[in-house]
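Asks: Take a look at this one; I'll ask things after.
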Amino acid sequence: PALIGASWGSGWTFAPVLLVIGLLILDLIIYFPFFKMFEKQMLEQELPTTKETKGDTQPSGEGVTA
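Per this note's numbering, residue 6 is the first one in the sequence shown, and the count goes up by one each step.
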């Protein structure tokens with residue numbers, strides 16, 4: 006793992022661990038807006054299909070047995 010490798014490579018100091026943690030947090034901050042845009046696009050694609058399928062199903066009045 007990056008945390009152990011960074012510390013091991015620098016003679017078991019703690020500073021590289023903080024650097025790796027900081028970079029991971031920065032990566033998440035940069036990645037998050039793109040993830041939200043992708044999620045919004047997927048929800049917009051899914052929404053019309055769910056509206057169409059809800060209208061197509063008719064209740065049959067029969068119960069489901071296991």
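From the three backbone atoms N, C-alpha and C, an ideal C-beta is built for every residue, glycine too. Note that the structure is predicted; figures quoted are calculated from it, not measured.
Which value, in whole angstroms, describes the spacing of the CA atoms of Val-22 and Glu-51?
Replies: Here residue 22 is taken as the residue at index 17 of the sequence shown, counted from 1. Here residue 51 is taken as the residue at index 46 of the sequence shown, counted from 1. Their backbone Cα atoms lie some 41 Å apart in a straight line.
Asks: Following the continuous alpha helix (DSSP H) through Ser-12, name the residue where it begins and the one where it ends.
Replies: Stepping through the sequence shown from its first residue, residue 12 is reached at position 7. Counting along the chain, the alpha helix (DSSP H) containing Ser-12 begins and ends at 7 to 14.
Asks: In angstroms, rounded to a whole number, what distance separates the CA positions of Pro-38 and Gly-27?
Replies: As a first step, residue 38 is located in the sequence shown; it is residue number 33 there, counting from the start. As a first step, residue 27 is located in the sequence shown; it is residue number 22 there, counting from the start. Using only the alpha carbons, I get a separation of about 18 Å.
Asks: In this structure, how does DSSP classify Val-69 when only helix, strand and coil are distinguished?
Replies: Numbered from 1 along the sequence shown, position 64 holds the residue referred to as residue 69. Correct three-state label for Val-69: coil.
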